[in-house]
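> Please read through the structure below; I'll follow up with questions.
There are 2 protein chains.
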Amino acid sequence: MFTVFSACDAGAWRVTSITAVCGEPLPAARRVAVDRVEAPPQPSPGWPLAGVASHARYVERPERAQLVARQAGLGRPEATRAALIPIAKLRAWWEMTQDERRRIFEAESRHIAGSLKYLPAVARQLYHCRDLGQPFDFLTWFEFAPEHEAEFDALLVGLRASPEWRFVTREIDIRLSRA
Amino acid sequence: MFTVFSACDAGAWRVTSITAVCGEPLPAARRVAVDRVEAPPQPSPGWPLAGVASHARYVERPERAQLVARQAGLGRPEATRAALIPIAKLRAWWEMTQDERRRIFEAESRHIAGSLKYLPAVARQLYHCRDLGQPFDFLTWFEFAPEHEAEFDALLVGLRASPEWRFVTREIDIRLSRA
């Protein structure tokens, strides 16, 4: 199953802002619809964005235990704010070996450990799309209550200042709201 | 770019055998054509098989140095024999964390270390397809000269006896030859 994020006039989520954090921007959108489809989506330079919820690439067992103990699922009624953050990384990232990528991801950047303190306020689902031929490597979808948006912003400030982010070549920050 | 293996009457590679090592068999084929395509292939229960040459998931830096020093590329004129081995693994494999999968893959099964001694006689290219919605998780393509087929068989005997193979739920061994 693939998840497709489409720009449209009638989607469940209203776009409140689209910011190109780095790299080429994404076309404007009024609303975003989120759909699950069976067929691999064709690559597109802009909308729709598509990815696949896959197995974890870096998480180790003790980290997973902490994540599972703390994290919330998507779709909580109070989580009326969302962020969709498509990211592409440099070719140099993908040419590294697993141990090198893991070292930067966690030992140097504390991607998992640093994110844990924002759970369960911020719920998260990662979609992989590099192997689908899409222009981004990942799409991360976050959901939170309006009163936790400042915490979510702090999470992003931390990640964007980390050594891992030296490999980010394109990042779009799309904020959304639902009634 | 995606790589597609199609059963056809005019492909470059003649099929000499198709053996279902475990799980559901694959329909017979006379020849196989290998093509590179831009669009994500639609999943099919049999032929064609399709995957993507992606980044390495388990190899660490010292291992990569050994592989790069020893391995041969595809397309050597003397490598007139090939094997295409589609594999699917149990859901339990994919639900493990990265450290758990790596431990079984290398510490317990010596997947990389055990394969090194067959280089450069056996050339190899892995294609990932689980995230494309295909029925297999990987397709591995091997090329070797006829006089190295017995060594290749020994490589497979070792892998199939390893702890990693307890997670293999479907495996087809397709042997091919070209003029």
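Protein chains in written order, with our numbering: chain A, 1 to 179; chain B, 1001 to 1179. Cβ coordinates follow ideal geometry from the N, Cα and C atoms, glycine included. These numbers were taken from a predicted model, which means no experiment stands behind them.
Within 7 Å of any Cβ in chain B, is that where the Cβ of A/Glu60 sits?
As a position in the first sequence, residue 60 of chain A is number 60, starting the count at 1. Yes - at least one Cβ of chain B is within 7 Å of the one on A/Glu60.
> Kindly list, in the order they appear in chain A, the residues whose Cβ is closer than 8 Å to that of B/Arg1057.
To locate residue 1057 of chain B, count along the second sequence from 1; it is residue 57. Going along chain A in sequence order, the residues near B/Arg1057 (Cβ under 8 Å) are Arg57 and Gln98.
> Contact defined as beta carbons within less than 8 Å: I believe B/Ala1083 pairs with B/Phe1152. What is the distance between those atoms, to the nearest angstrom?
Numbered from its first residue, the second sequence carries residue 1083 of chain B at position 83. Numbered from its first residue, the second sequence carries residue 1152 of chain B at position 152. Going by Cβ atoms, the distance from B/Ala1083 to B/Phe1152 rounds to 7 Å, so yes, they are a contact pair.
> Could you round the C-beta distance between A/Asp9 and A/Ile87 to whole angstroms and report it? I think they count as a contact, below 8 Å.
Working through the first sequence from its first residue, we reach residue 9 of chain A at position 9. Working through the first sequence from its first residue, we reach residue 87 of chain A at position 87. No, A/Asp9 and A/Ile87 are not in contact; Cβ-Cβ is about 27 Å, not under 8 Å.
> Note down, in chain order, all residues in the segment 80-98 of chain A with a beta-carbon under 9 Å from any beta-carbon belonging to chain B.
Flagged, chain order: Trp93, Trp94, Glu95, Met96, Thr97 and Gln98.
> Which of the three DSSP states is assigned to B/Asp1131 in this structure?
Position 131 of the second sequence, counted from the first residue, corresponds to residue 1131 of chain B. In the structure shown, B/Asp1131 sits in a helix (DSSP, three-state: H, G or I).
> Using a 10 Å radius around the Cβ and a threshold of 16 neighbouring Cβ atoms, would you call A/Lys89 buried or exposed?
Counting from one through the first sequence, the residue named residue 89 of chain A turns up at place 89. So A/Lys89 ends up on the buried side.
> Find out if the Cβ-Cβ distance for the pair A/Leu49, A/Phe5 is shorter than 7 Å.
Locating residue 49 of chain A in the first sequence gives position 49, where the first residue counts as 1. Locating residue 5 of chain A in the first sequence gives position 5, where the first residue counts as 1. Result yes, Cβ atoms of A/Leu49 and A/Phe5 sit closer than 7 Å.
> How about B/Phe1144 and B/Val1122: do their beta carbons lie closer than 7 Å?
Here residue 1144 of chain B corresponds to residue number 144 of the second sequence, with the count starting at 1. Here residue 1122 of chain B corresponds to residue number 122 of the second sequence, with the count starting at 1. Yes. Within cutoff.
> If you draw a straight line from the alpha carbon of A/Ala154 to that of A/Ile85, how long is it in whole angstroms?
On the first sequence, residue 154 of chain A is found 154 positions in, with the first residue counted as 1. On the first sequence, residue 85 of chain A is found 85 positions in, with the first residue counted as 1. One C-alpha to the other measures close to 15 Å.
> Closer than 7 Å between beta carbons: that is the criterion. Which residues of the segment 133-144 of chain A meet it against chain B?
From the segment 133-144 of chain A, only Gly133 have a Cβ closer than 7 Å to chain B.
> Sort out for me which residues DSSP pairs A/Gln125 with in a bridge.
Taking the first sequence and counting its residues from 1, the one referred to as residue 125 of chain A is at position 125. Per DSSP, A/Trp141.
> Rounded to the nearest angstrom, what separates B/Pro1163 and A/Glu149 at their Cα positions?
Taking the first residue of the second sequence as 1, we reach residue 1163 of chain B at position 163. Taking the first residue of the first sequence as 1, we reach residue 149 of chain A at position 149. If you take the alpha carbons of B/Pro1163 and A/Glu149, they lie about 46 Å apart.
> Cutting at 6 Å between CB atoms, please list the residues of its own chain near B/Arg1124, excluding the five before and the five after it.
On the second sequence, residue 1124 of chain B is found 124 positions in, with the first residue counted as 1. Excluding positions up to five away in sequence, the list reads Phe1142.
> Taking B/Glu1095 as part of the alpha helix (DSSP H), name the residues at either end of that continuous run.
Locating residue 1095 of chain B in the second sequence gives position 95, where the first residue counts as 1. Segment Arg1091 to Glu1095, the alpha helix (DSSP H) holding B/Glu1095.
> For A/Glu63, collect the residues of the same chain with a Cβ closer than 6 Å to its Cβ; drop the 5 residues on either side in sequence, then sort them by chain order.
Here residue 63 of chain A corresponds to residue number 63 of the first sequence, with the count starting at 1. Excluding residues within five positions, the ones whose Cβ falls inside 6 Å are Ile112.
> Is the beta carbon of A/Ala186 less than 7 Å from the beta carbon of A/Ile174?
This structure leaves residue 186 of chain A out entirely; chain A is present only between 1 and 179.
> Expressed to the nearest angstrom, what Euclidean distance is found between the alpha-carbon atoms of A/Arg81 and A/Arg170?
Translated into positions along the first sequence, residue 81 of chain A becomes position 81. Translated into positions along the first sequence, residue 170 of chain A becomes position 170. Going by the C-alpha atoms only, they are around 23 Å apart.
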